[in-house]
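Structure first, then comments.
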Amino acid sequence: MLLGGLCVLLGFIPGKNEAAFVEDNFSFAAGRLKKMLVIAGKYDTLFPRTIDKQGQMKLTDKYEWTSGFFPGELWYAYEATKDSALKRNALSWTEKLEALQNFTGHHDLGFMLYCSYGNAYRLTGEERYKKILVQGAKSLCTRFNEKTGSIKSWNAFGSWDGKGKYYYPVIIDNMMNLELLFFASKTTGDTHYRDIAVTHALQVIKNQVRPDYSCYHVVCYDSLTGKVLARETAQGYANNSTWARGQAWGIYGFTMTYRETGDKRFLLTAQKMADYYIDNRELPADKIAYWDFNANDAGYTPSVRSHVKETPAKYRDASAAAITASALFELSGYCGDKGDKYKKAAIDILHSLGSPAYRAAEEENGDFILKHSVGSIAHGVEIDVPLIYADYYFLEAMNRYRLLLDNKNIISMNTPK
0 MLLGGLCVLL
10 GFIPGKNEAA
20 FVEDNFSFAA
30 GRLKKMLVIA
40 GKYDTLFPRT
50 IDKQGQMKLT
60 DKYEWTSGFF
70 PGELWYAYEA
80 TKDSALKRNA
90 LSWTEKLEAL
100 QNFTGHHDLG
110 FMLYCSYGNA
120 YRLTGEERYK
130 KILVQGAKSL
140 CTRFNEKTGS
150 IKSWNAFGSW
160 DGKGKYYYPV
170 IIDNMMNLEL
180 LFFASKTTGD
190 THYRDIAVTH
200 ALQVIKNQVR
210 PDYSCYHVVC
220 YDSLTGKVLA
230 RETAQGYANN
240 STWARGQAWG
250 IYGFTMTYRE
260 TGDKRFLLTA
270 QKMADYYIDN
280 RELPADKIAY
290 WDFNANDAGY
300 TPSVRSHVKE
310 TPAKYRDASA
320 AAITASALFE
330 LSGYCGDKGD
340 KYKKAAIDIL
350 HSLGSPAYRA
360 AEEENGDFIL
370 KHSVGSIAHG
380 VEIDVPLIYA
390 DYYFLEAMNR
400 YRLLLDNKNI
410 ISMNTPK
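Below, the structure is given as structure tokens:
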């Protein structure tokens, strides 16, 4: 994905202004990460996730789905700054996750391993990291079921109407874990991993993406017959609403799946999901989405979601915006003239996120980079707080923009050096 069209798109020749914007954000990020390392280092085996009610850093263990983002951030910051201290810490925090290669407790091994070890292997070429990634892919494949054609996300999911439990839930987030499987196939020559990834992605198109190219958060299957039992939006406003981060996962996941397969069905889905996001009448002018595109709209009933009913709807989600920006930079390279639309939206989002409205000031926000993200209003947790994955995808998007400004192919970010 080269720079083509960017000059026309922005109305100026990319140079010092935009390069300085990127450099400033990486300089800021490096400073924040070094402060986070001091605090996180006191806990050693716990990984930053958000802040508590007192504004202090909140950490989780390595088995939480977010554990890979902190080492991944360190890798992105190192890649942009070439700061040897960041590289040293990136190595250290990545290797704390080695045991995850054999973890089968949930589906998020892509987040946990590919964001950490994937970036480590890409930037160092260390063969041992490749082996860990392949073993992680094997572990992820244990959650695939031939009848459903899908990788099981959670071990059980209680329905919002209180009528029972679903035992084979698949969430849109799972699209992000497929990249680990594609990597394993390319590395080993074994198409089994790729076949599972493609089959899963096609089932998402069939059962999870709506006719207007919004998506359900959760599809619940009967594991014996493959029948769809329910479609829900567990972390959104209502079952038929569009949870913003779920839409972002879909844009990113289908863009990546097109890159790995060349299958136009995945490109079409990525484009249509991106159009839904960018062109949505509920998207604010700064392009930082509210946590749900349909929150408080007539016709979208939150059912028994008590936290949704009690919480004001108009919270922004910087994490959804950061994920979308990163995806749009890649998608723009696959779409000919239409790519300018996606590239412009990505740049606009980055400038909003990099502004004082969303980028934290010094000595606030628990040393996280971005403010104003939402974990799950539906569950009453992580409302209007920093989130580690918002920062991760902000730095990934910023790195992709940096490469475009340098007239380099951003797919090089997916290839070991």
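In numbering that gives the first Met the number 0, the protein residues as written are 0 to 416. Every residue, glycine too, gets a C-beta built ideally from N, C-alpha and C.
Cβ atoms of I348 and A389: under 9 Å apart, would you say?
Residue 389 sits at position 390 when you count from the first residue of the sequence shown. Residue 348 sits at position 349 when you count from the first residue of the sequence shown. No.
Between the C-alpha atoms of A119 and A297, what's the straight-line distance to the nearest angstrom?
The residue you call residue 119 lines up with position 120 of the sequence shown. The residue you call residue 297 lines up with position 298 of the sequence shown. In a straight line, the C-alpha of A119 is about 47 Å away from that of A297.
Less than 9 Å between the beta carbons of R244 and V373, yes or no?
Your numbering for residue 244 matches position 245 in the sequence shown. Your numbering for residue 373 matches position 374 in the sequence shown. Yes.
With a threshold of 6 Å on Cβ separation, who are the neighbours of R31 within its own chain once the five nearest residues in sequence on each side are excluded?
Translated into the one-based positions of the sequence shown, residue 31 becomes position 32. These residues qualify, in order along the chain: D366 and I368.
So for L228, helix, strand or coil by DSSP?
Walking along the sequence shown from the start, residue 228 turns up at place 229. Correct three-state label for L228: strand.
For the alpha helix (DSSP H) that M56 lies in, which residues bound it at each end?
Within the sequence shown, numbered from 1, the residue matching residue 56 stands at position 57. That residue, M56, is in no alpha helix (DSSP H); its beta strand (DSSP E) goes M56 to T59.
What would DSSP say about N24, mapped onto helix, strand or coil?
Against the sequence shown, residue 24 aligns to sequence position 25. The answer is helix: DSSP assigns N24 an H, G or I state.
State the CB to CB distance for the pair I419 and Y215, rounded to an integer number of angstroms; the pair is presumed to be in contact (CB under 8 Å).
Examination of residue 419 is not possible in this model, given that the chain is present from 0 through 416 alone.
What is the DSSP secondary structure of Y83, counted as helix, strand or coil?
Walking along the sequence shown from the start, residue 83 turns up at place 84. A small fix is needed here, since residue 83 is Ser in this sequence, not Tyr. It is helical.
I need the straight-line Cα distance from L139 to H105, nearest angstrom please.
The residue labelled residue 139 in the question sits at position 140 within the sequence shown. The residue labelled residue 105 in the question sits at position 106 within the sequence shown. Using only the alpha carbons, I get a separation of about 8 Å.
Whose C-beta lies closer than 6 Å to the C-beta of A200 among residues of the same chain, with five residues either side of it excluded?
On the sequence shown, residue 200 is found 201 positions in, with the first residue counted as 1. So the qualifying residues of the chain are T256.
Please work out which residues of its chain come closer than 7 Å, Cβ to Cβ, to A273, disregarding the five sequence neighbours upstream and downstream, and give them in chain order.
Here residue 273 corresponds to residue number 274 of the sequence shown, with the count starting at 1. I250, L327, L330 and Y341.
List the residues that DSSP assigns as beta-bridge partners of R358.
Within the sequence shown, residue 358 is the residue found at index 359, counting from 1. DSSP output for R358 lists L369 as bridge partner(s).
Please classify S351: is it buried, with 16 or more other beta-carbons within 10 angstroms of its beta-carbon, or exposed?
Your numbering for residue 351 matches position 352 in the sequence shown. Looking at its Cβ environment, which holds 16 or more other Cβ atoms inside 10 Å, S351 is buried.
Where does Y220 fall in DSSP's three states?
To locate residue 220, count along the sequence shown from 1; it is residue 221. Note: Y220 maps to strand in three-state DSSP.
So what does DSSP say about T256, is it helix, strand or coil?
Numbered from its first residue, the sequence shown carries residue 256 at position 257. Three-state result, T256: helix.
Under 9 Å, do C219 and F156 count as touching if we go by C-beta distance?
Position 220 of the sequence shown, counting from 1, holds the residue named residue 219. Position 157 of the sequence shown, counting from 1, holds the residue named residue 156. Contact flag set, yes.
I'd like the span of the beta strand (DSSP E) that includes R280, first residue to last.
Along the sequence shown, one-based indexing puts residue 280 at 281. Premise fails: R280 is in no beta strand (DSSP E) and is neither H nor E.
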